[in-house]
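Trainee: Below you'll find the structure I mean.
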Amino acid sequence: MSPTTASRLYSGGYVLNPSRKKEWEFSLLFVRMFQSLDAILGHDQPAQQWLNDENHALNGRPAELVRTTEGLVRVVHYLDAHLGRS
Numbered sequence: 000m001s002p003t004t005a006s007r008l009y010s011g012g013y014v015l016n017p018s019r020k021k022e023w024e025f026s027l028l029f030v031r032m033f034q035s036l037d038a039i040l041g042h043d044q045p046a047q048q049w050l051n052d053e054n055h056a057l058n059g060r061p062a063e064l065v066r067t068t069e070g071l072v073r074v075v076h077y078l079d080a081h082l083g084r085s
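Per numbering that gives the first Met the number 0, numbering of the sequence shown is gapless, rising by one per residue and ending at 85.
So, in structure tokens, the structure goes:
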């Protein structure tokens, strides 16, 4: 999803549509990532800190990694492992 689309989505000027399969799946992964962060860290500030800190297991900063499909999937799998999901 482009930054412009994300901005329109945030402002209510755009609605996700399940018929746009790829966009829908990426959005679900993104939501899943934030749900996992909330379950693990519980608050916005620790989650923001985690996203911006270097993560040696992921070999990068999660906030930068999630800009690519591969990075988003890696971050979600990492969080799933910490929650005991596989």
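Heads up, the beta-carbon is just placed ideally off N, CA and C, and yes, glycines get one too.
Check whether the segment 0–20 touches the segment 39–52, counting contact only when three or more Cβ pairs, one atom from each stretch, lie closer than 8 angstroms.
Mentor: The segment 0–20 is not in contact with the segment 39–52.
Trainee: Taking the alpha helix (DSSP H) that A62 belongs to, which residues open and close that run?
Mentor: In the sequence shown, residue 62 corresponds to position 63, counting from 1. Segment 61–64, the alpha helix (DSSP H) holding A62.
Trainee: Do R19 and V75 have their CB atoms nearer than 9 angstroms?
Mentor: For the purposes of this step, residue 19 is identified with residue 20 of the sequence shown, where counting begins at 1. For the purposes of this step, residue 75 is identified with residue 76 of the sequence shown, where counting begins at 1. No, they are not a contact pair.
Trainee: Under the DSSP definition of a beta bridge, which residues are partnered with N54?
Mentor: Working through the sequence shown from its first residue, we reach residue 54 at position 55. G59.
Trainee: Near L15, which residues of its chain fall below 8 angstroms by C-beta distance, leaving aside the five closest residues on each side in sequence?
Mentor: Translated into the one-based positions of the sequence shown, residue 15 becomes position 16. For L15, where only same-chain residues beyond five positions count, the Cβ hits under 8 angstroms are L8, E22, W23, S26.
Trainee: Give the single residue among L82, T68, P17, A56 whose Cα lies nearest to the Cα of F29.
Mentor: If you number the sequence shown from 1, residue 29 lands on position 30. It is T68.
Trainee: Out of R73, L82, Y13, A38, which has the shortest C-alpha to C-alpha gap to H55?
Mentor: Counting from 1 along the sequence shown, the entry for residue 55 is found at position 56. Of the candidates R73, L82, Y13, A38, the one whose C-alpha sits nearest the C-alpha of H55 is R73.
Trainee: Ordered along the chain, which non-local residues of its own chain (more than five positions away) have a Cβ less than 8 angstroms from that of H81?
Mentor: On the sequence shown, residue 81 is found 82 positions in, with the first residue counted as 1. So the qualifying residues of the chain are S35, I39.
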